[in-house]
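Accompanying notes for the structure given below.
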Amino acid sequence: MKEILWDIPDIGEEEKNAVIDAISNNNIGANGPNIKKLENEINLKFGVKHTVAVCNGTMALIAGLMALKEYLGKEIKIAVPSFSFIASANACSLVGEAILIDCDLKTWNINKSNLPDNIDAIMPVDVGGLPVDYDDILSLGLPVIADSAEAAGGKYKNSYIGSQADIHCFSLHRAKIITSGEGGLITTNNTELYDIISSIINHGYKKDRKPWEYKHNRLGMNCRMTDIAAAIARVQLKKLDFYVNERKKKADIYKKNLPKSVIFQEINENSSHPYFFFGILIKKDIDEICQKALNEKIYFKTWAPAHKQGHFYGKMGKFPNTDLISSSLLLLPIHNKISENEILQVCEFLDKNL
Ligand SMILES: Cc1ncc(COP(=O)(O)O)c(C=O)c1O
13 MKEILWDIPD
23 IGEEEKNAVI
33 DAISNNNIGA
43 NGPNIKKLEN
53 EINLKFGVKH
63 TVAVCNGTMA
73 LIAGLMALKE
83 YLGKEIKIAV
93 PSFSFIASAN
103 ACSLVGEAIL
113 IDCDLKTWNI
123 NKSNLPDNID
133 AIMPVDVGGL
143 PVDYDDILSL
153 GLPVIADSAE
163 AAGGKYKNSY
173 IGSQADIHCF
183 SLHRAKIITS
193 GEGGLITTNN
203 TELYDIISSI
213 INHGYKKDRK
223 PWEYKHNRLG
233 MNCRMTDIAA
243 AIARVQLKKL
253 DFYVNERKKK
263 ADIYKKNLPK
273 SVIFQEINEN
283 SSHPYFFFGI
293 LIKKDIDEIC
303 QKALNEKIYF
313 KTWAPAHKQG
323 HFYGKMGKFP
333 NTDLISSSLL
343 LLPIHNKISE
353 NEILQVCEFL
363 DKNL
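So for the sequence shown, the numbering used here puts the first residue at 13; every next one is plus one.
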C-alpha cells in the first residue's frame, strides 16, 4: 500500500530552472536580484507597502518582535496563544515576556475576549492558516504582530493576509502552502518598522552606509534569505491561488466524507481559509489513532500547546479550551500533491476507526 504522507512540496521543472539560473549567475547568497523581485511581488500580491524576505518563519517572528520593541522604546509583554506551533511563544519569550492565552473553542483562534490587561502587544496566530478576526483584535488599539506563518493565500474581508496587522510574519518552510525550502517573509505598511526590520535582519547595518563601510546602528542578526530560496519562492508564489483553490476543494472532500462525529474548525464570516492544515476534533484517543494510521502508512499529526511543553510548562494560567482542542485534534494530510483518492482512503480509515 502506498504511503499517504502528511506533507509533500510541489517542486517541479520551473523551480529547478529558477535555481539553476540563480546558481549559473553566481547568485548563491543574498546578493542576487531574486530577493528584491520576490519582495516586490509579495507587496503587489498581498497589497502591502513593504516586504522583507528572511531565512525562515521563526526568524521573521524574532526580527519583527525586536523591531516592534525598538519602535515602542520599551520592554514588551506580548499576549500569544498557547495553541500554536511552539515558535510563536518561543519568539515572544526570546524578545520580551510571553503572556500565554487561551483560544476560542470554535475557531481555535484568539479573540478580544481572550486578552488580559497589562500587555504591550498582541501576537495573534492564524491557526492552520485561518485568519483571525483582525477587526476584533485591532479594536483594542494595541500593536499587533501576527504570526501568519501558515496563512499565505488566506484572506480577511477579501484581502490577502499581510496588510491587516502592524506586522505579519510568514513561513516558507517545505510543508507550507508555498515554500522556498526554508524561508520567511515579514510584511508591514509602516515604513519606520520596515527600516528597523531591514537593518535587524542584516547585522543592524546603518541604512545609508557607504558600500565599503561596516557600520551598525543597533543589535542585529543575519536572517537573510538566499537568492536560491527567493528564486524558488517566486515560482511558488505564481501558483499560490491555484494551491489554495485546490486545498479548498480537498477540504470539501474531507468535510463531505468524514464520519459525522468529527468536529471541524469553524470559519468566522470575514475569513477565507487557505487550509495549510485540515484539523478535526475526535472523541477517540489521538495517539492510538495516529499509531493505527501509521500501521496503514497514513500519516497524521497532533499539536501540543506551549503551556504543556518544557520551557513554558506549568508556568502560567489555565487554558481549558486549548486543553480540550489539543487533546482531541488530528491534523489530516492536505498537501499540494495529495489526490482525491488518497483523501477518500483517509476518510475510509477514519470511518472504520472512529
Ligand atoms: C504557526 C507557526 N509559527 C511559526 C512557524 C515557524 O516557521 P519556520 O518553520 O519557517 O521557522 C511555523 C512553521 O513551522 C508555524 O506553523
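Cβ coordinates follow ideal geometry from the N, Cα and C atoms, glycine included.
In this structure, DSSP gives C302 a helical state, which the three-state scheme calls helix.
If only complete runs of 4 or more residues are kept, the region 120-175 shows the alpha helix (DSSP H) at 146-150, in order along the chain. Look at the region 44-97 and you find these whole runs of beta strand (DSSP E), each 3 residues long or longer: 62-66, 89-93. Counting along the chain, E109 sits inside the beta strand (DSSP E) bounded by residues 109-113. For I32, the uninterrupted alpha helix (DSSP H) run begins and ends at 25-36, by DSSP. Between F312 and L342, the C-beta spacing is below 8 Å.
Residue environment analysis places G165 among the buried positions, since at least 16 neighbouring C-beta atoms fall within 10 angstroms of its C-beta. Checking the 7 Å criterion, the Cβ of A161 is within range of a heavy atom belonging to ligand 1.
DSSP places S100 within a helical segment (H, G or I) once states are collapsed to three.
Around the Cβ of R259, a 10 Å sphere holds 16 or more other Cβ atoms; the residue is buried. Rounded to whole angstroms, the separation of the alpha carbons of K118 and N46 is 41 Å. Residue range 179-183 is occupied by the beta strand (DSSP E) that includes C181. When beta bridges are read from the DSSP output, N234 appears opposite N214. Note on geometry: alpha-carbon atoms of G85 and D220 lie some 22 Å from one another. DSSP, read as helix, strand or coil, puts K260 in helix. For the set K295, I212, S338, I40, the Cα lying nearest the Cα of N365 is the one of K295. Per DSSP, I190 lies in no beta strand (DSSP E) and is assigned neither H nor E. Per the C-alpha coordinates, the member of W120, K218, G141 positioned closest to V256 is G141.
At a cut-off of 7 Å, the beta-carbon of F331 does not count as near ligand 1: no heavy atom of the ligand is closer than that. L336 and S273 have their C-alpha atoms spaced approximately 16 Å apart. With a cut-off of 7 Å, the C-beta of E308 is classified as distant from ligand 1, since no heavy atom of the ligand falls inside that distance. DSSP, reduced to helix, strand and coil, places H347 outside both helices and strands of the structure shown, so it counts as coil. Rounded to the nearest angstrom, the Cβ distance from N202 to K218 is 20 Å, too far for a contact under 8 Å.
Looking at the DSSP output, K313 sits in a beta bridge with L343. A distance criterion of 7 Å places the beta-carbon of H62 beyond contact range of ligand 1, judged by its closest non-hydrogen atom. A residue is called buried once 16 or more other Cβ atoms fall within 10 Å of its Cβ, and S338 is buried on that count. With respect to the 8 Å criterion, F361 and E278 are not classified as neighbours on the basis of their beta carbons. The alpha-carbon of P143 is positioned some 14 Å away from that of F95. In this structure, I240 lies near V31, with their beta-carbon atoms less than 8 Å apart. Annotation for L362: the continuous alpha helix (DSSP H) segment containing it runs 352-365.
Here H285 carries a coil assignment [DSSP, helix/strand/coil]. As the crow flies, the alpha-carbon of S211 is around 46 Å from that of E354. Under the DSSP assignment, I244 falls in the alpha helix (DSSP H) whose first and last residues are 239-250.
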